[in-house]
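Engineer:
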Amino acid sequence: PFLGYHVSAAGIKPLPERVEPVLKFERPTHIRQLRRFLGLVNYYRRNIPHAAHSQYLLCEYLKGLKKTDNPEITWTQETIQAFDDCKNKLAHATLLAHPHPSAQLV
């Protein structure tokens, strides 16, 4: 284990015990909680395919707000789906393989 990742000869993958709290994260009711969730998910963004696309609708809630603003969140079906999608993609995070030493780098 290294900084929340399992590093092996095959590659790098998030540790299950670090991912579990994110999967149990309840739907935020206020912006500060949403920022916290997005921070947790973004820590592992390298392992989540199309992470920015998954988080787009959630980040829309943050537009025009100061860091100290903490309004209540009004959820829609689309944003609920985006929240669940972020958690599911983290649960099935991909293994990042190490580069092959003899492969040509582009």
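In the working numbering, the protein residues as written are 315 to 420. A virtual CB, placed ideally from N, CA and C, is assigned to each residue, including glycine.
Look up histidine 344 in the DSSP assignment and say whether it is helix, strand or coil.
Structural biologist: Counted from its first residue, the sequence shown places residue 344 at position 30. In the structure shown, histidine 344 sits in a strand (DSSP, three-state: E or B).
Engineer: If you count every other CB in all the chains shown that lies within 10 Å of the CB of glutamine 418, and 16 or more means buried, which is it?
Structural biologist: One-based indexing of the sequence shown puts residue 418 at position 104. It counts as exposed.
Engineer: Can you tell me where the beta strand (DSSP E) with lysine 327 in it begins and where it stops?
Structural biologist: Counting from one through the sequence shown, the residue named residue 327 turns up at place 13. Unbroken beta strand (DSSP E) run through lysine 327: 325-328.
Engineer: Evaluate contact between the segment 315-327 and the segment 399-417, counting only Cβ atoms and requiring at least three cross-stretch pairs below 8 Å.
Structural biologist: yes
Engineer: Pick helix, strand or coil for valine 321, following the three-state DSSP scheme.
Structural biologist: Taking the sequence shown and counting its residues from 1, one reaches residue 321 at position 7. In the displayed model, valine 321 falls within a strand according to three-state DSSP.
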